[in-house]
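Student:
Protein chains in written order, with our numbering: chain A, 122 to 758; chain B, 41 to 208.
Okay, structure coming up:
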C-alpha cells in the first residue's frame, strides 16, 4: 500500500497548495445541470479574463453543489479571503466577481450565497446557514461541487480510498459485519439491508461472482445518481471495490443509462486513473484481491432498473425480468452469483469503512439509518439535489429547504418514488421520510425523486402521467402488468376527458389491486401506487372530473375552455394569427371571440396574448353548466 | 442506399464488430456503436452483423426494438430531445413539445422533410431542477416555454444556412 500512501501525500500537498496558495481558483459547477444553466459561458469569460489580466488563477470544472436553482454557481477561492459561493452568475457577473473578488480583494454580496466557512464573514452569512443548506447533512455528496472530479488527487487528498485500504486489512466477513452493523439499506428504493444481500452472495456457490452498479436511473424526475457520478465518480467506484471484496467478486459492471453522457465520460476517466493508482486490476494494493470494471450503457428501457431485467440486458438480450427465486445473489449474470447495488448505496460504503458503522448510524432513525439524497423538483421554489438524515419530516424538506412553492400558492402534495411511488398530501407533511413511514402512507422511498405539487397540479393528471409511463415501459412479459396498466390508463384517460363514469373509480381500484398482486416484477407490482394514493387522498378530484367535467387545476386539457374578456381585448389579432385551429374570430380593433366547437384546447392563444392586455382566461367544466352559471351571474347583476 | 455506400456501411460494421469481444454480451454495445457511427440501425447493418457474428438479423432486430434508444430510420441533422420527465411534465413540457411539433410540422419520432431536424421524446434528461428542458444535439436548454421555441430553432436553422454557404 506504500505506493498509494506516497501518492496520497503528494495529493495532500497539491490540495493544500490549491486551498491556501497564491493562485486563485474558480470552482464552477459544470455538471449537466450547470451546463444547461449556462456554465460554459461563465467558464469562457473567466478564462478569457484570466488571460487578459495575466492573473495567477484558474478555473476548475466541478460537479454540482446541489442548489441547482442558483446555477450557474461558482465557488471562488483567493488568498486572504474566505471562500465564497456565488450564484446565479452569468458571464458578466463572473467578470465583475473576477475583478472585485480576485483582483480587488473584496467579496461581492449581491451575488453571494454565502461564505464556505462555518461562520459568516462580515455581513455575508455562511453558505451552510443558507435556508436551502441548513438541515442538510452532506456525507455522500461531501465532494460534489468542491473538487475536480477528473483529478484523482483531489479525491485522495480528501480521504479517498482510505475506506478501501481499511477494508482490505479486514477479512471479507468482517467487512460484511461492519456494513450490517451500520444498518445501511439499499438506496435504489426497496431498502433491503446491504450487508444481508452480501452474506447471501458470499455464501452462494459458483465462481466467478459479479458485482453490478445499477446506474440506470430511470425514474423520471430523479437525478441523484447522475449528480454523484458526475461530481465524485471515484467514491462510487471505491464503493464497488469494497463491495466486490466483501462478496468475493472479481469483476464488476456499471450499468449506466446512455442519457448520461457526461457521467459515462467521468467514469471512463476515473477507471483509467484507478489503474494508475494501483487500485484496479491484479493484486490490488499488493493484496490477493483482484478486480476489474466494465461500463455497459443502458439503451433506454425503464424495466432494466429491475435486477433480473438488467442482467438480461447485459447478457445482450431483451431486458425482460424473470421470476425470483433464484435471486441474483444465487444465480445472476451468466448464471453466477451477482450482487446489484444502487449508485448511492455504493457511495455510502467508503464513508462507512473509513469512519465505522457507529459513525454512520449517528444520524437517521433506528430502522432507516444514515442520510438520503433527494432530487427536489417540481413546483417548489428552491430546486436541486439535497442530502438529509433519514427521518427528516417532509415539511422541513418542502417548506424550509425547498422554500415553499415558487408560485406562492399552497402546496398540495409530494410525489415520491417516481412511477413506483405515490402522492403524499400536504396534510401529511409531518411524516418523517424513512422507508417504513413512506410505505405506510402508500408511497415508497424509491431512489429519491421528490416532485412537489401545488394547487395548479391536477392529481388525476399526475396519475395519468405515471400510468402512461408505466404502460409504455411495461415489457409485456406478464399479463397483469401488460393488460392491467393499459386498462387503468384507459379509465384515467376517459376521466381526464370528462368521459368517466362513477363506477370507474371502483374498477380502477380493483384492477390496481390485481396488478399489484399478480405482476412478475417490481415495475408492475408498484405501477398502481400513483393511482391508489391519489384515489386515497384526492378522491374528490376524481369525482369532480367525473361528475362536473371539471379540472380545477386546468391541467386536463380537454376540460379547459378559453375565453376572451371583451373589456380587456384590444383586438390586436395576435391570438387569431397563432391559433392553429382557426378557432378565433373578430375584426381588427374589435374584441375577439373563441369558437368552442373548433378549439383544440392547446392554450397557444394565452401565451400569445400580450401581457398588457392579458385578455384570455380559462374556465373548466361542463359547457352547459358554465353557460348556465354565466346567465345566472348576468341576471343577478 | 446506393451500392457503394452500402458496401461502405458493411465495412464500418465489420470494423465495429472486430473492436468488441466476441459473445452475446457485446450485441447491444455493437448496436450502440453502429448507431453512433451511422445514425441509425439499417437493414444492411443488421445483415452485415448476421454474417459477422452469427446472430440472426431478426434476433438482433428483436433486441434493438426492445430499447427506445435505437432508431431504424435515418435521423435529421439536428436531434431535438424533449424531456418528458415528471418535473418537466408538471411545468409544461407537453406544451413545449406541441409547439415544436407545430413549428416543425412533424410529430414526435419523425424527421423534417428537409432532413434538418428530428424530434424525440425522452423519459428524463436528469435536469429536473431546471425544467422544462429540451436538448438539441446534446445541448440542454433550461426553463423552456412555447415562446422560446422559435429562438432555439433559429439558432440551428441559421447554422445550417451558414454551413451550406461555407460548403459553397
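Where is the CB? At the ideal position from N, CA and C, for every residue including glycine.
Everything numeric in this text was worked out from a predicted model, so none of it was measured.
#1: For chain B, find out if any of its Cβ atoms is closer than 8 Å to the Cβ of residue 578 of chain A; answer yes or no.
#2: Measure the CB-CB distance between residue 278 of chain A and residue 136 of chain A and report whether it falls below 8 Å.
#3: Any C-beta of chain A sitting closer than 8 Å to the C-beta of residue 43 of chain B?
#4: Can you tell me whether residue 151 of chain B is helix, strand or coil according to DSSP?
#5: So who's on the other strand from residue 242 of chain A, going by DSSP bridges?
#6: Could you confirm whether any beta carbon from chain B is found closer than 8 Å to the beta carbon of residue 536 of chain A?
#7: With DSSP run on the structure shown, which of helix, strand or coil describes residue 675 of chain A?
#8: Return yes when the Cβ of residue 164 of chain B is within less than 8 Å of the Cβ of residue 341 of chain A, no when it is not.
#9: For residue 377 of chain A, which of helix, strand or coil comes out of DSSP?
#10: Can you tell me where the alpha helix (DSSP H) with residue 699 of chain A in it begins and where it stops?
#11: Restricting to Cα atoms, I'd like to know which of A/578, A/647 and A/625 is closest to residue 601 of chain A.
#12: For residue 381 of chain A, go through chain B and note every residue whose CB falls closer than 8 Å to its CB, in chain order.
#13: Report the residue ranges of all alpha helix (DSSP H) runs contained in full by the region 256-308 of chain A; include only those spanning at least 4 residues, in chain order.
#14: What does a CB cutoff of less than 8 Å around residue 141 of chain B pick up in its chain, not counting 5 residues either side in sequence?
#15: Looking at the C-beta of residue 572 of chain A, does it have a partner C-beta in chain B at a distance below 8 Å?
#16: Please determine if the region 628-648 of chain A and the region 591-606 of chain A are in contact, where contact requires at least 3 C-beta pairs separated by less than 8 Å.
#17: Among A/310, A/237 and A/263, which one has its Cα closest to the Cα of residue 540 of chain A?
#18: At 4 residues or longer, and completely inside the region 123-173 of chain A: list those alpha helix (DSSP H) runs for me, N to C.
#19: Going by C-alpha to C-alpha distance, which of A/436, A/139, A/274 and A/159 sits closest to residue 199 of chain A?
#20: I'd like to know if the region 299-313 of chain A and the region 218-229 of chain A are in contact, where contact means that at least 3 CB-CB pairs between them fall below 8 Å.
#21: Three or more C-beta pairs closer than 8 Å, one from the region 157-168 of chain A and one from the region 192-208 of chain A: is that the case here?
#22: What residue from A/275, A/609 and A/480 has the CA that sits closest to residue 134 of chain A's CA?
#23: Quick one: list the residues of chain B neighbouring residue 438 of chain A, beta-carbon separation under 7 Å, in chain order.
#24: Please confirm whether residue 398 of chain A and residue 128 of chain A have their CB atoms less than 8 Å apart.
#25: Check residue 618 of chain A in the structure and name its three-state DSSP category.
#26: Beta-carbon of residue 728 of chain A versus every beta-carbon of chain B: anything under 8 Å?
#27: Given a threshold of 16 other Cβ atoms within 10 Å of its Cβ, counted over all protein chains shown, does residue 757 of chain A qualify as buried or as exposed?
#28: Counting along the chain, where does the beta strand (DSSP E) carrying residue 354 of chain A start and finish?
#29: Let me confirm a value: residue 753 of chain A is counted as buried when at least 16 other C-beta atoms fall within 10 Å, else exposed. Which label applies?
#30: Can residue 86 of chain B and residue 110 of chain B be called in contact, C-beta distance under 8 Å?
#31: By alpha-carbon positions, which one of A/169, A/343 and A/203 ends up nearest to residue 542 of chain A?
#32: Can you give the Cα-Cα distance for residue 321 of chain A and residue 137 of chain B, rounded to whole angstroms?
#33: Taking residue 216 of chain A as the reference, which of A/178, A/170 and A/186 has the closest Cα?
#34: What is the DSSP secondary structure of residue 119 of chain B, counted as helix, strand or coil?
#35: My understanding is that residue 235 of chain A touches residue 211 of chain A, with C-beta atoms under 8 Å, so please give their C-beta distance in whole angstroms.
#36: Verify the CB distance criterion: does residue 595 of chain A have a CB-CB separation below 8 Å to chain B?
Tutor: So, from the data block:
#1: As a working note, residue 578 of chain A is residue 457 in the first chain. Among the CB atoms of chain B, one or more fall inside 8 Å of the CB of residue 578 of chain A.
#2: As a working mapping, residue 278 of chain A is identified with position 157 in the first chain. As a working mapping, residue 136 of chain A is identified with position 15 in the first chain. With a cutoff of 8 Å on beta-carbon distance, residue 278 of chain A and residue 136 of chain A are scored as near each other.
#3: If you number the second chain from 1, residue 43 of chain B lands on position 3. In this prediction, residue 43 of chain B scores a pLDDT of 48, lower than 50, which makes its location untrustworthy; no coordinate-derived value is stated.
#4: Start at 1 with the first residue of the second chain, and residue 151 of chain B comes out as number 111. The answer is strand: DSSP assigns residue 151 of chain B an E or B state.
#5: Locating residue 242 of chain A in the first chain gives position 121, where the first residue counts as 1. The bridge partners DSSP lists for residue 242 of chain A are A/245.
#6: Against the first chain, residue 536 of chain A aligns to sequence position 415. Yes, residue 536 of chain A counts as interfacial toward chain B.
#7: On the first chain, residue 675 of chain A is found 554 positions in, with the first residue counted as 1. Residue 675 of chain A carries a coil assignment under DSSP once its states are collapsed to helix, strand and coil.
#8: Counted from its first residue, the first chain places residue 341 of chain A at position 220. Counted from its first residue, the second chain places residue 164 of chain B at position 124. Against a cut-off of 8 Å, the Cβ pair of residue 164 of chain B and residue 341 of chain A comes out as a contact.
#9: Residue 377 of chain A sits at position 256 when you count from the first residue of the first chain. Note: residue 377 of chain A maps to strand in three-state DSSP.
#10: Within the first chain, residue 699 of chain A is the residue found at index 578, counting from 1. Segment 695-699, the alpha helix (DSSP H) holding residue 699 of chain A.
#11: The sequence position of residue 601 of chain A within the first chain is 480, counting from 1. When the alpha-carbon of residue 601 of chain A is set against those of A/578, A/647 and A/625, the nearest one is in A/647.
#12: Counting from one through the first chain, the residue named residue 381 of chain A turns up at place 260. Those are 166, listed as they occur along chain B.
#13: Scanning the region 256-308 of chain A for uninterrupted alpha helix (DSSP H) segments of 4 residues or longer gives 273-278, 283-289 and 293-303, listed from N- to C-terminal end.
#14: Numbered from 1 along the second chain, position 101 holds the residue referred to as residue 141 of chain B. Only 147, 148 and 159 meet the Cβ criterion.
#15: Indexing the first chain from 1 puts residue 572 of chain A at position 451. Closer than 8 Å to some Cβ of chain B, the Cβ of residue 572 of chain A qualifies, so yes.
#16: Taking 8 Å as the limit for Cβ pairs, the verdict is that the region 591-606 of chain A does touch the region 628-648 of chain A.
#17: For the purposes of this step, residue 540 of chain A is taken as the residue at position 419 of the first chain. If we check each option's Cα against that of residue 540 of chain A, A/310 comes out closest.
#18: As far as the region 123-173 of chain A is concerned, its whole alpha helix (DSSP H) runs of at least 4 residues are 123-141 and 153-158.
#19: Mapped onto the first chain, residue 199 of chain A falls at position 78. Answer by Cα proximity: A/139.
#20: These segments do not touch.
#21: Three or more beta-carbon pairs drawn from the region 157-168 of chain A and the region 192-208 of chain A are found closer than 8 Å, and the two stretches are therefore classed as touching.
#22: Translated into the one-based positions of the first chain, residue 134 of chain A becomes position 13. Answer by Cα proximity: A/275.
#23: Sequence index remark: in the first chain, residue 438 of chain A carries index 317 (1-based). Those are 103, listed as they occur along chain B.
#24: As a working note, residue 398 of chain A is residue 277 in the first chain. As a working note, residue 128 of chain A is residue 7 in the first chain. At the C-beta level, residue 398 of chain A and residue 128 of chain A come within 8 Å of one another.
#25: For the purposes of this step, residue 618 of chain A is identified with residue 497 of the first chain, where counting begins at 1. Coil at residue 618 of chain A, not helix or strand.
#26: Residue 728 of chain A sits at position 607 when you count from the first residue of the first chain. The beta carbon of residue 728 of chain A falls within 8 Å of a beta carbon belonging to chain B, placing the residue at that interface.
#27: As a first step, residue 757 of chain A is located in the first chain; it is residue number 636 there, counting from the start. Burial call: exposed.
#28: Indexing the first chain from 1 puts residue 354 of chain A at position 233. Run containing residue 354 of chain A: none in the beta strand (DSSP E); it sits in the alpha helix (DSSP H), 354-368.
#29: Here residue 753 of chain A corresponds to residue number 632 of the first chain, with the count starting at 1. Looking at its Cβ environment, which holds fewer than 16 other Cβ atoms inside 10 Å, residue 753 of chain A is exposed.
#30: To locate residue 86 of chain B, count along the second chain from 1; it is residue 46. To locate residue 110 of chain B, count along the second chain from 1; it is residue 70. No, the Cβ-Cβ distance between residue 86 of chain B and residue 110 of chain B is not below 8 Å.
#31: By one-based count along the first chain, residue 542 of chain A stands at place 421. Scanning A/169, A/343 and A/203 for the CA closest to the CA of residue 542 of chain A turns up A/343.
#32: Counting from 1 along the first chain, the entry for residue 321 of chain A is found at position 200. Counting from 1 along the second chain, the entry for residue 137 of chain B is found at position 97. If you draw a straight line from the Cα of residue 321 of chain A to the Cα of residue 137 of chain B, it is about 47 Å long.
#33: As a first step, residue 216 of chain A is located in the first chain; it is residue number 95 there, counting from the start. Ranking A/178, A/170 and A/186 by Cα distance to residue 216 of chain A puts A/170 first.
#34: In the second chain, counting from the first residue as 1, residue 119 of chain B sits at position 79. DSSP, read as helix, strand or coil, puts residue 119 of chain B in strand.
#35: Within the first chain, residue 235 of chain A is the residue found at index 114, counting from 1. Within the first chain, residue 211 of chain A is the residue found at index 90, counting from 1. 19 Å between Cβ atoms; not a contact.
#36: On the first chain, position 474 is the one that residue 595 of chain A refers to. Cβ-Cβ to chain B under 8 Å: no for residue 595 of chain A.
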